[in-house]
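Participant: Here it is, the structure, as structure tokens.
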Amino acid sequence: MNIFRLAGDMTHLASVLVLLLKIHTIKSCAGISLKTQELYALVFATRYLDLFTDYISLYNTLMKLIFLVSSFSIVWYIRHHKIVRRSYDKDQDTFRHYFLVLPCFLLALVINEKFTVKEIMWTFSLYLEAVAILPQLVLLQRTRNIDNLTGQYVFLLGAYRSLYILNWIYRYFTEPHYVHWITWISGLVQTLLYADFFYYYFQSWKNNVKLELPA
Amino acid sequence: MPSKSLKDEL
């Protein structure tokens, strides 16, 4: 475990907790894409299949449980909570996210490190995580006004993946034969997707104006 | 068995 990875995991944890806190306290999910949350729940469900078979460390198991419980409870809140669900804007959140799932699965069947069910599901979760933010970014473009909690949520998500890239670079130089192109490329694609959001987030922060994304 | 080193990440 290196500082980049720990910082990445903590940032990722913070992003999920910010979102849960927002939804739980103000009982609203305005500006949040349910599609992205469903994709993230699927990412964790397919990536943590080894939760009960391979014990790596208490930290690893604990974090996996937290991510699984929080992502599924966010989906539950938006879909079923009697107050929160009313603030879900399904007319705006129209990204056909099923069109993301199939290509990622097919790609995982073709490009993977080993043709086993667990490995393919794990690779699928990597590809899906790279594109899972798209419905949320599209929704932000559409609704244009971003309340600062949602902005912070997306910012923390992007920061977590950027820190993971630093972690991979660090591990590449410090651990012999730590080479995993699939993880690195999908992680890089994911971070690049945030790049333009980061730009506008930073601009709004620098000029101290409300975050606006161009149409 | 895939190398543990990779699967230890979240």
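Just so you know, the sequences run in chain order A and B.
The numbering of the first sequence is this note's numbering, which starts it at 97 and goes up by one.
The numbering of the second sequence is this note's numbering, which starts it at 14 and goes up by one.
Beta carbons: idealized from backbone N, C-alpha and C, even for Gly.
Here the structure is a predicted model, which means the values were calculated and not measured.
#1: Scan the segment 244–284 of chain A and note each continuous alpha helix (DSSP H) run of 4 residues or more that stays entirely inside, going in chain order.
#2: Can you list, in chain order, the residues of its chain whose CB lies under 7 Å from that of A/Leu245, leaving out five sequence neighbours each side?
#3: Take the Cβ of A/Val250 as the centre, count every other Cβ of all protein chains shown within 10 Å, and call the residue buried at 16 or more, exposed below.
#4: Any chance you could list the alpha helix (DSSP H) runs of at least 4 consecutive residues sitting entirely within the segment 188–240 of chain A, in chain order?
#5: Taking the C-alpha atoms as reference points, what is the distance between A/Glu215 and A/Ser153?
#6: The alpha helix (DSSP H) with A/Ile162 in it runs from where to where?
#7: Suppose contacts are defined by Cβ-Cβ distances below 8 Å. Is A/Asn98 in contact with A/Tyr266 by that definition?
#8: Any C-beta of chain B sitting closer than 8 Å to the C-beta of A/Ile304?
#9: Let's see if you can read the secondary structure: which residues bound the alpha helix (DSSP H) around A/Asp105?
#10: In the segment 204–224 of chain A, which residues sit with their C-beta less than 9 Å from some C-beta in chain B, listed in chain order?
#11: What is the rounded straight-line gap between the Cα of A/Ile242 and the Cα of A/Leu145?
#12: Report all residues from its chain with a CB closer than 7 Å to the CB of A/Tyr184; omit the five preceding and five following residues, and keep chain order.
#13: Among A/Leu109, A/Val180, A/Trp277, whose alpha-carbon lies nearest the alpha-carbon of A/Thr121?
#14: Between A/Thr107 and chain B, is any beta-carbon pair separated by less than 8 Å?
#15: Since A/Ala110 and A/Leu252 should fall inside the 8 Å C-beta cutoff, what is the C-beta to C-beta distance between them, to a whole number of angstroms?
#16: On the three-state DSSP scale, how would you describe A/Tyr151?
#17: Helix, strand or coil for A/Asn146, going by three-state DSSP, please let me know.
#18: In whole angstroms, what separates the C-alpha of A/Leu262 from that of A/Leu203?
#19: Quick check on A/Arg240: buried or exposed, where buried means 16 or more other Cβ atoms within 10 Å of its Cβ?
#20: So, at 7 Å on beta carbons, what are the nonlocal neighbours of A/Phe220 in its own chain, with the 5 sequence-adjacent residues on each side left out?
Facilitator: Put simply:
#1: You should have 244–270.
#2: By 1-based counting over the first sequence, the position of residue 245 of chain A is 149. Cβ within range, chain order: Val114, Lys118.
#3: For the purposes of this step, residue 250 of chain A is taken as residue 154 along the first sequence, with counting starting at 1. Under this definition A/Val250 is a buried residue.
#4: Here the runs fully enclosed are 194–206, 213–227, 230–239.
#5: Residue mapping note: residue 215 of chain A aligns to position 119 of the first sequence, counting from 1. Residue mapping note: residue 153 of chain A aligns to position 57 of the first sequence, counting from 1. When rounded, the distance between both Cα atoms is 20 Å.
#6: Here residue 162 of chain A corresponds to residue number 66 of the first sequence, with the count starting at 1. A/Ile162 -> alpha helix (DSSP H) spans 154–176.
#7: Residue 98 of chain A sits at position 2 when you count from the first residue of the first sequence. Residue 266 of chain A sits at position 170 when you count from the first residue of the first sequence. Contact annotation: A/Asn98 and A/Tyr266 have beta-carbon atoms nearer than 8 Å.
#8: Start at 1 with the first residue of the first sequence, and residue 304 of chain A comes out as number 208. Checking the sequence shown, residue 304 of chain A turns out to be Asn, not Ile. It does not: the Cβ of A/Asn304 has no partner Cβ on chain B nearer than 8 Å.
#9: Working through the first sequence from its first residue, we reach residue 105 of chain A at position 9. For A/Asp105, the uninterrupted alpha helix (DSSP H) segment begins and ends at 99–122.
#10: Result list: Glu209, Lys210, Thr212, Lys214, Glu215, Trp218.
#11: Looking up residue 242 of chain A in the first sequence gives position 146. Looking up residue 145 of chain A in the first sequence gives position 49. When rounded, the separation of the alpha-carbon atoms in A/Ile242 and A/Leu145 is 35 Å.
#12: Along the first sequence, read from residue 1 onward, the residue named residue 184 of chain A stands at position 88. Contacts found: Cys125, Leu130, Ile174.
#13: Here residue 121 of chain A refers to the residue found at position 25 when the first sequence is read from its first residue. Out of A/Leu109, A/Val180, A/Trp277, A/Val180 has the C-alpha closest to the C-alpha of A/Thr121.
#14: Here residue 107 of chain A refers to the residue found at position 11 of the first sequence. With its beta carbon at least 8 Å from every one in chain B, A/Thr107 lies outside the interface.
#15: In the first sequence, the residue the question calls residue 110 of chain A occupies position 14. In the first sequence, the residue the question calls residue 252 of chain A occupies position 156. Yes, they are in contact, since the Cβ atoms of A/Ala110 and A/Leu252 sit about 5 Å apart, within 8 Å.
#16: The residue you call residue 151 of chain A lines up with position 55 of the first sequence. Reduced to three states, the DSSP call for A/Tyr151 is coil.
#17: As a working mapping, residue 146 of chain A is identified with position 50 in the first sequence. Looking at the sequence shown, residue 146 of chain A is not Asn but Asp. Helix.
#18: By 1-based counting over the first sequence, the position of residue 262 of chain A is 166. By 1-based counting over the first sequence, the position of residue 203 of chain A is 107. So the two alpha carbons sit approximately 25 Å from each other.
#19: Locating residue 240 of chain A in the first sequence gives position 144, counting from the first residue. Sixteen is the threshold: since fewer than 16 other Cβ atoms of the shown chains lie within 10 Å of the Cβ of A/Arg240, the residue is exposed.
#20: If you number the first sequence from 1, residue 220 of chain A lands on position 124. Here the set comprises Thr142, Cys200, Phe201, Ala204.
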